[in-house]
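Trainee: Take a look at this one; I'll ask things after.
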Amino acid sequence: MVRHLRSEANAGRMLPFVIEYQGRLVGQLTVAGITWGSMCSGHVGYWVDESVAGRGVMPTAVAMVVDHCFRTVGLHRIEVCIRPENGPSRRVVEKLGFREEGLRPRYLHIDGAWRDHLVFALTAEEVPEGLLSRWRRNRPRGAPRDPQNTRGNRAAPGN
Ligand SMILES: CC(C)(COP(=O)(O)OP(=O)(O)OC[C@H]1O[C@@H](n2cnc3c(N)ncnc32)[C@H](O)[C@@H]1OP(=O)(O)O)[C@@H](O)C(=O)NCCC(=O)NCCS
């Protein structure tokens, strides 16, 4: 897996990140399918360990990486494709204010079948103030504080 991620990253098609929480590797976030030219787009995939789920780790990580992609890498659009039944993942993009674009029927082959996916996206114009600062400002009240030590391996600290 690491060899594949490195080779895609070296080819400029992917940005693989790990997520650390309190000094422990707890997840991954990957910007894949990076396309330049008139598109300048990539799509994000992610997972986090069950032991830290529900603390806002993933929305924070996605916000950091989206800011990095728009401000440093120069991408214009980030897309997340989610199976309709994946409630926790849909909450991540809903809380971050991704725009729902619609359903792609039979989009990806997963667990032995072609699965429908909902498409969520953001373009750089939609977050002029940065996604991390918007997430921090609008984060649901009563949610745990921003996790410390949560960072992607290439996102600028505090970005
Ligand atoms: C989807 C996923 C990345 C969310 O990460 P997270 O850091 O837990 O995100 P959040 O803390 O914002 O929680 C998102 C939602 O998960 C649900 N949730 C809360 N606590 C949870 C727990 N202990 N276990 C599982 N889900 C929980 C809630 O619905 C929450 O929404 P809410 O904030 O409105 O209550 C994580 O659940 C995961 O890795 N799932 C398996 C892999 C996967 O589905 N990847 C996405 C493919 S598109």
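Per the working numbering, the very first residue in the sequence shown carries number 1109; after that it's consecutive.
Glycine is no exception: its CB is placed at the ideal position from the N, C-alpha and C atoms.
Determine the extent of the beta strand (DSSP E) in which L1216 is found, giving its start and end residues.
Mentor: Its beta strand (DSSP E) spans residues R1207 to I1218.
Trainee: Taking the straight line between their C-alpha atoms, what separation do you get for D1175 and G1220?
Mentor: About 35 angstroms.
Trainee: Measuring alpha carbon to alpha carbon, tell me which residue in E1233, L1230, R1212 and T1231 is nearest R1223.
Mentor: For the residues E1233, L1230, R1212 and T1231, the minimum Cα distance to R1223 belongs to R1212.
Trainee: Would you kindly report the start and end of the unbroken alpha helix (DSSP H) that includes V1160?
Mentor: Per DSSP, V1160 belongs to no alpha helix (DSSP H) and is neither H nor E.
Trainee: Report the residue ranges of all alpha helix (DSSP H) runs contained in full by the stretch 1134-1185; include only those spanning at least 4 residues, in chain order.
Mentor: Correct list: 1165-1176.
Trainee: What three-state label does DSSP hand D1224 in the structure shown?
Mentor: Note: D1224 maps to strand in three-state DSSP.
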